[in-house]
Amino acid sequence: MSGRSTTCARRNTRSRRARTRPRSCSIRAPRDPGVGFGVQSRTAGRTSDTRDAAWNLQWRPTDRWTLAGDLQHARATTFGYDNLVSLGGYMPKEGVDFRTSPPTLTFDAADRAYLADPNNYYWNSAQEHRDDAVSTQNAARLDAKYAFDGPVLNDLRFGVRFTTRDADTRATHGNSQWHEITAPWAVGHDGWQPFSQLAYLSDPRFAGDKVAPLQFNDFFGRKTAMPPAIVAANIALSAGAPPPAFAQLHEMVKVLCNMPCSGDALWDYAKFGDPESLNQQHEKTKAAHAQLRFGFDDLRYPVDGNVGVRVVRTDMSAAGYLLFSPSASSNVPGVPVIAPLSDRTHFENKYTNVLPSLNLRMKASDGLQFRAAFSKGMTRPDFWQMQTYTTLSQNVHTHTDNATKATILDSIDYTGTGVGNPMLKPTRSTNVDLTAEYYFGHGGQVTLALFNKRLSDVIIGKTSVVTLNDTTGQPHDFAVTSPVNGATGRASGAEIGYLQYFDKLPGLWSGFGVSANYTYIDSRQDLGKPLAQAWCTPQDTNAFIARDLSGCDTDGRLLNVGNVPLTGLSKNAFNVALLYDKGAVSARLAYSWRSKYLQAINAYGTNGGDGIDANPSSPRFGQPYSVQYALPTWGGAYGQLDASLQYKFTDNVNLSVQATNLTNALYKQYMQQGIGLMERGAFYTGRRFSIRLGYAF
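For the sequence shown, position 541 matches number 597 in my numbering, and the numbering has no gaps at all.
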């Protein structure tokens, strides 16, 4: 639930110097209509099919030559939909206690009665999504091995591999994916709002059997107070692809149209299946590899290893669209009029990577050995990241004058989203790994590893500018966020591991063992030249780039300047497991833990345009909607306990039991601001149990 105004908050949108402290408070609106809330009913489904045919041939023409070949054809299809219907309302008040974690919502008898009454809800909006994709891959590989007959060289392995990948993806697009039914901003009499009033369920024309009460019986695992019963749209309204009920919902509110019924009130299903919904990708790779294996067994400390190289050529192409569709709010007086745009785009991207490697092992004794590895590697972007599909949006912010009831234009944001970037290159790494391994007893070992990785072409979200002219010829810059190869980085650290079975114990006790490891990682992203500014305002191209690279607070102040870790990496992590292996029984009880980690800088909904600029040198100092902020999101420290048990009845029949998250651990997500990490969400993944009976033949 979100209110129009609050008496307390954990997010400060005006000044970084102001600090708020967690406390108990009551969120309320000082004037009608009250604290806004929404209830969404959602239906989603997906059907996928993958077919894979592979052929392998091995041939040994002589004692020294071995040849192998592989052919593969794979085809995957998927179809999915994701629809929702939203009700809205305004309640007089709501209590929230920020002293607890997660915060506690409180409702008195009047609040509960209000939320249980359908007459206090109105039809707000509906969202429709469909996607359909077909992907194929053909691969061919030929490998050869030649074995030497000598004291140093063991064998030479070499080969080639060719792949071809294609993907055709269609998805709904256009303004009708999300569409108001009667949203508050669409209600008024200024000439551009399509509706005269909200479609409240208290009106017999909009009620009927389309909604039902919804009771929370086991909210948050009963770890917090149960929310009151609410009213939700029947789930059947969002079923289907496309959902037939959407036409009924949008048709019934036309009686509220400001005459004539036109503009944004005229709804239709989101476009799907037309040329603009299609995104095509094609990739070809050619690779050659060679590896020489060797060993110096006559040395005092024998050394063996291998040296090799892989060369990969990649040809990538993609075709999609650049789209702009004006919304109804573009009719607000003073808003520039920009014509709809639908431009087909096509990109080609080619690159070659050379990836050498050297691996060495030295045996200091029967139980002690050392390893060293030097290599270069690469990780290609996911196929979906290389789409070319960009949508532009003109976002109009207004308010209503209390005296004249006229709509006042506050500001206009020109933004866009790039689904992908077909010009992405692989993230490349240069790796150094040093390991010491000591083996003792029956399978016991202690290992210590040091590692250092230098990364280039790290993929991050970054803003660029697309310019469109309005009907008068005036240019407008749209800030488009999309993935780019925008950073370098490093990750260095150490890992220590221990494994031992206590096989010297008597009887059944000899099956017990323990395994443990600890990892420390120090990582950084290098985002190019140091950011000389302290603010992401006034907002221009450089400010948007600074925001995307380090994060921007709701008051316009930059965050994480010069101190951005690699995403997804925790500084500390450990695993401890109690083992048991004896006869037909194999069991594990394991606890794993990791410290907090950065998830993203500008993603996951912790971004927006409603910040208030506190930069004293900015021309929009103190004005509403003057900051396009992006609060970095972090995954909180998390640990969970898992268990497994396997019993082998015979060589062919076995039973296994798996238990995940036995302690029902709580996972938290945080958003970062100048005042620290603010809790954004808390989630119970729940306990999971599975039983499997297997038979091998």
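The beta carbon of each residue, even a glycine, is placed where N, CA and C say it ideally should be.
What's the C-alpha gap between residue i and residue j?
| i | j | result |
| --- | --- | --- |
| Gly59 | Gly92 | Low confidence applies here, because Gly59 scores a pLDDT of 34, under 50, leaving its location unreliable; read the following figure in that light. One C-alpha to the other measures close to 5 Å. |
| Val393 | Arg400 | 22 Å |
| Tyr407 | Val367 | 11 Å |
| Thr483 | His245 | 54 Å |
| Leu351 | Gly423 | First, the residue type needs correcting, since residue 351 is Gly and not Leu in the sequence shown. When rounded, the distance between both Cα atoms is 18 Å. |
| Ile668 | Asp457 | 20 Å |
| Gly90 | Ile657 | 33 Å |
| Phe154 | Gly730 | 18 Å |
| Tyr256 | Phe262 | 7 Å |
| Arg676 | Lys266 | 46 Å |
| Pro250 | Ala242 | 6 Å |
| Asp126 | Leu198 | 7 Å |
| Tyr576 | Phe275 | 37 Å |
| Ser61 | Gly553 | In this prediction, Ser61 has a pLDDT of 30, which is less than 50 and means its spatial position is unreliable; what the coordinates show is noted afterwards. Their Cα atoms are separated by approximately 53 Å. |
| Gly390 | Asp466 | 10 Å |
| Thr219 | Pro117 | 27 Å |
| Arg436 | Val617 | 28 Å |
| Trp690 | Lys638 | 42 Å |
| Tyr178 | Val141 | 11 Å |
| Phe739 | Ala629 | 20 Å |
| Asn180 | Ser97 | 12 Å |
| Leu645 | Gly737 | 29 Å |
| Val29 | Asp604 | Lying outside 57 to 753, the shown extent of the chain, residue 29 is not represented and no answer is given. |
| Gly607 | Pro298 | 38 Å |
| Ser579 | Lys652 | 13 Å |
Report the option in the options whose CA atom is closest to the CA atom of residue i.
| i | options | result |
| --- | --- | --- |
| Ile464 | Glu339, Asn387 and Met308 | Asn387 |
| Arg650 | Gly664, Leu416, Val632 and Ser626 | Ser626 |
| Asp609 | Leu140, Phe276, Leu687 and Pro316 | Leu687 |
| Pro300 | Asp324, Lys342, Arg278 and Ile515 | Asp324 |
| Arg748 | His532, Gln714, Leu397 and His129 | Gln714 |
| Trp440 | Gly474, His453 and Asn415 | Gly474 |
| Pro283 | Tyr554, Val617, Ala165 and Thr103 | Ala165 |
| Arg46 | Asn405, Pro260 and Leu524 | With the chain running from 57 to 753 in the structure shown, residue 46 is simply not present. |
| Tyr613 | Met147, Asp604 and Trp591 | The question names Tyr, but residue 613 in the sequence shown is Arg. That would be Trp591, whose Cα lies nearest to the Cα of Arg613. |
| Cys313 | Glu236, Ala343 and Gly144 | Glu236 |
| Thr122 | Ser97, Tyr740 and Ala200 | Ala200 |
| Asn290 | Thr280, Phe302 and Ala297 | Phe302 |
| His229 | Ala100, Gly329 and Met372 | Gly329 |
| Thr528 | Arg131, Leu334, Ala195 and Ala395 | Ala395 |
| Gly145 | Pro174, Ser674, Asp354 and Tyr723 | Pro174 |
| Ala130 | Val208, Gly277, Ala223 and Asp167 | Ala223 |
Ignore the nearest five residues each way along the sequence and tell me which others in residue i's own chain have a CB closer than 7 Å to its CB.
| i | result |
| --- | --- |
| Pro331 | none |
| Asp187 | Gly136, Thr225, Arg226 and Ala227 |
| Tyr681 | His453, Asp466, Ser467, Gly665 and Asp666 |
| Gly215 | Arg197, Leu198, Asp199, Ala200 and His345 |
If I measure Cβ to Cβ from residue i and keep anything under 6 Å in the same chain, skipping five residues before and after, which residues do I get?
| i | result |
| --- | --- |
| Val521 | Asp533 and Thr597 |
| Leu414 | Val363 and Phe430 |
| Phe600 | Thr519 and Ala535 |
| Asn631 | Asn573 and Ser648 |
| Ala203 | Arg120 and Asp211 |
| Asp138 | Ala100 and His185 |
| Asn409 | Val368 and Met434 |
| Phe426 | Met418 and Ala492 |
| Ala420 | Tyr357 |
| Gly750 | Asn710 |
| Ala124 | Gln114 and Asp199 |
| Thr134 | Ser104 and Ala189 |
| Ser746 | Gln714 |
| Arg217 | Arg197 and Ala343 |
Tell me whether residue i, by its Cβ, gets closer than 7 Å to a heavy atom of the ligand NAP.
| i | result |
| --- | --- |
| Val359 | Among the components of this structure there are no ligands whatsoever, and the ligand NAP is therefore not found. |
Answer yes or no: does any C-beta atom of chain D fall closer than 8 Å to that of residue i?
| i | result |
| --- | --- |
| Phe739 | Within the model displayed, chain D is absent; a lone protein chain is all it includes. |
Once the 5 residues before and after residue i are set aside, which same chain residues still bring their CB inside 8 Å of it?
| i | result |
| --- | --- |
| Ala640 | Tyr703, Lys704 and Phe705 |
**Prompt:** For the region 548 to 564 against the region 475 to 487, are there 3 or more C-beta pairs whose distance is under 8 Å?
**Reply:** A contact is defined here as three or more CB-CB pairs under 8 Å, and the region 548 to 564 fails this definition with respect to the region 475 to 487.
**Asked** At what residue ranges does the region 251 to 293 contain a whole run of the beta strand (DSSP E), taking only runs of 3 or more?
**Response** 267 to 270 and 286 to 289, all fully within the region 251 to 293.
**Message:** For the region 110 to 129 against the region 160 to 175, do three or more pairs of beta-carbon atoms, one drawn from each stretch, fall closer than 8 Å, so that the two count as touching?
**Reply:** No, they do not touch.
**Prompt:** Counting only runs that start and end within the region 604 to 650, where is the alpha helix (DSSP H) found for 4 or more residues in a row?
**Reply:** Annotation: the region 604 to 650 contains no complete segment of the alpha helix (DSSP H) (minimum length 4 residues).
**Prompt:** Which residue spans inside the region 483 to 538 form an unbroken beta strand (DSSP E) run of at least 3?
**Reply:** Taking only runs of at least 3 residues, the beta strand (DSSP E) segments lying wholly in the region 483 to 538 are 483 to 496 and 500 to 525.
**Asked** Counting Cβ pairs closer than 8 Å, one from the region 445 to 452 and one from the region 338 to 346, do we hit at least three?
**Response** Segments in contact, no.
**Request:** List in chain order: all unbroken beta strand (DSSP E) runs of 3+ residues lying wholly within the region 74 to 159.
**Result:** Runs found: 80 to 84, 91 to 115, 121 to 147 and 149 to 153.
**Item:** Continuous beta strand (DSSP E) assignments of at least 3 residues falling wholly in the region 417 to 472
**Value:** Under the rule that a run must span 3 or more residues, the beta strand (DSSP E) segments found entirely inside the region 417 to 472 read 424 to 435 and 445 to 456.
**Request:** At 3 residues or longer, and completely inside the region 695 to 738: list those beta strand (DSSP E) runs for me, N to C.
**Result:** Counting only runs of 3 or more, we get 709 to 716 and 722 to 729.
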